[in-house]
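A.B. asks: To convert, take the position in the sequence shown, counting from 1, and add 65; that gives this note's numbering. A virtual CB, placed ideally from N, CA and C, is assigned to each residue, including glycine. Please read these numbers as outputs of a predicted model, since none were measured by experiment.
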Amino acid sequence: MQLDPLHVIIALGPLAAYFVLLGLLNLSRRPLVTTGARDVAALGLAVIGLVFIGPAGLFLPDAAIVELGWIAWVMMGAFYGLLLTLGVLLLRPRLVIYNVTADQLRPALASVVAELDRDARWAGESLVLPNLGVQLHVEPVSATRNAELISSGPNQNYSGWRALEVALTQALRRTTNSPNPYAIFPLSFGLLMALLVGFLTFSNPGMVAQSLIEMFRL
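(1) Based on Cα-Cα distance, which residue from L77, L261, A212, Q200 lies nearest to S224?
(2) Can at least three beta-carbon pairs, one atom from the segment 95-112 and one from the segment 74-85, be found at a separation below 8 Å?
(3) I'd like to check one pair, S207 with A167: are the Cβ atoms closer than 8 Å?
(4) For Q275, collect the residues of the same chain with a Cβ closer than 8 Å to its Cβ; drop the 5 residues on either side in sequence, then sort them by chain order.
(5) Would you be able to state if there are at least three C-beta pairs under 8 Å between the segment 239-246 and the segment 72-80?
(6) With respect to the beta strand (DSSP E) encompassing P205, which residues constitute its N-terminal and C-terminal limits?
(7) Short of 7 Å in beta carbon distance, which residues of its chain neighbour L117, apart from the five on each side in sequence? Order them along the chain.
(8) Ignoring anything shorter than 3 residues or poking outside the segment 204-234, list the beta strand (DSSP E) runs there in chain order.
(9) Rounded to a whole number of angstroms, what is the C-alpha to C-alpha distance between G198 and F267?
(10) Leaving out five residues before and five after L192 in sequence, what residues of the same chain have Cβ atoms less than 6 Å from its Cβ?
(11) At 4 residues or longer, and completely inside the segment 66-110: list those alpha helix (DSSP H) runs for me, N to C.
(12) State the DSSP-derived secondary structure class of S243, mapped to helix, strand or coil.
(13) Cutting at 6 Å between CB atoms, please list the residues of its own chain near P195, excluding the five before and the five after it.
(14) Using a Cβ-Cβ cutoff of less than 8 Å, which residues in the same chain neighbour M66 once the five nearest sequence positions on both sides are dropped?
(15) By alpha-carbon positions, which one of A143, L108, L256, G119 ends up nearest to V153?
(16) Secondary structure at A178, three-state DSSP: helix, strand or coil?
(17) State the Cα-Cα distance for the pair M272 and V262, rounded to the nearest angstrom.
(18) Are the Cβ atoms of I215 and R171 separated by less than 8 Å?
(19) Quick one, are the C-beta atoms of Y247 and R210 less than 8 Å apart?
(20) Considering only the alpha carbon of each residue, which of A137, I249, L233, M258 lies closest to F281?
(21) Taking Cβ to Cβ, would you say T100 is nearer than 8 Å to E230?
Written out as structure tokens, the structure reads:
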């Protein structure tokens, strides 16, 4: 059974872009603060190609493709987007900090907390900011030089988390690091997949174009 180049391109294209972006983020000399929602949304977009050639391709009726053509795939993409959005909205608040060590994060976080909420209380790696309605625990990942601030408990104030994100971003703005060695792994994976996608695209463009026409009934 011959592997369809178009399926490989669709599956690996977004994933390659995600891994390259992840590698570049970790190569940066400055920390990057983002939300868990954005992090999960980026991952959801990265696997959209796998979803399209996997579950979506299996469960999308052939009759719908014949009748609607490319519109059927657009509807499937919209449905996946709605599911991804719902999943992101249901997530508990979380902050992800790329390219920062635990020794750099703790003093920056302590100074931010002191400014935002004077009634804040620490208990080991756990933190409560009662005036902001934020409860969290710090989870550094030393192997990748990243860290996460993960919400503790269901009662969270999203405005408080937003204020914490903005303040922490400003506090870490002057922090610099050497490039993260971990970046070589996602960057290498991403570039290898991008090379494969490029090779399959340009080595036989006629077959790819024909597969595209058949898939979308153009």
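C.D. replies: A quick look at the data gives this:
(1) Sequence index remark: in the sequence shown, residue 224 carries index 159 (1-based). Measuring C-alpha to C-alpha distances from S224 to each of L77, L261, A212, Q200 identifies Q200 as the nearest.
(2) Output reads yes: the segment 74-85 touches the segment 95-112.
(3) For the purposes of this step, residue 167 is identified with residue 102 of the sequence shown, where counting begins at 1. For the purposes of this step, residue 207 is identified with residue 142 of the sequence shown, where counting begins at 1. For A167 and S207, yes; Cβs fall inside 8 Å.
(4) For the purposes of this step, residue 275 is taken as residue 210 along the sequence shown, with counting starting at 1. None.
(5) no
(6) Looking up residue 205 in the sequence shown gives position 140. Residues 199-206.
(7) Reading the sequence shown from its first residue, position 52 is the one you call residue 117. Going by the sequence as given, residue 117 is Phe instead of Leu. Contacts found: I75.
(8) 211-216
(9) For the purposes of this step, residue 198 is taken as the residue at position 133 of the sequence shown. For the purposes of this step, residue 267 is taken as the residue at position 202 of the sequence shown. Linking G198 to F267 through their CA atoms gives a straight-line distance of about 54 Å.
(10) Reading the sequence shown from its first residue, position 127 is the one you call residue 192. Once the five neighbours on either side are set aside, the close Cβ partners of L192 are L201.
(11) Taking only runs of at least 4 residues, the alpha helix (DSSP H) segments lying wholly in the segment 66-110 are 70-92.
(12) Numbered from 1 along the sequence shown, position 178 holds the residue referred to as residue 243. DSSP places S243 in coil when its eight states are reduced to three.
(13) For the purposes of this step, residue 195 is identified with residue 130 of the sequence shown, where counting begins at 1. In chain order, D184 place their CB closer than 6 Å to the CB of P195, counting only its own chain and leaving out the 5 sequence neighbours on each side.
(14) Indexing the sequence shown from 1 puts residue 66 at position 1. For M66, the predicted model reports a pLDDT of 45, less than 50, meaning its position is unreliable; a value from the coordinates is still stated below. The answer is none, since no qualifying residue turns up.
(15) As a first step, residue 153 must be located in the sequence shown, where it is residue number 88. Just measuring C-alpha positions, the residue of A143, L108, L256, G119 sitting nearest V153 is L108.
(16) Counting from 1 along the sequence shown, the entry for residue 178 is found at position 113. Going by the sequence as given, residue 178 is Val instead of Ala. In the displayed model, V178 falls within a helix according to three-state DSSP.
(17) In the sequence shown, the residue the question calls residue 272 occupies position 207. In the sequence shown, the residue the question calls residue 262 occupies position 197. So the alpha carbons of these two residues sit roughly 14 Å apart.
(18) Indexing the sequence shown from 1 puts residue 215 at position 150. Indexing the sequence shown from 1 puts residue 171 at position 106. Against a cut-off of 8 Å, the Cβ pair of R171 and I215 comes out as no contact.
(19) For the purposes of this step, residue 247 is taken as the residue at position 182 of the sequence shown. For the purposes of this step, residue 210 is taken as the residue at position 145 of the sequence shown. A Cβ-Cβ contact shorter than 8 Å links Y247 with R210.
(20) Here residue 281 refers to the residue found at position 216 of the sequence shown. When each option's Cα is compared against that of F281, the closest is A137.
(21) On the sequence shown, residue 100 is found 35 positions in, with the first residue counted as 1. On the sequence shown, residue 230 is found 165 positions in, with the first residue counted as 1. Yes, they are a contact pair.
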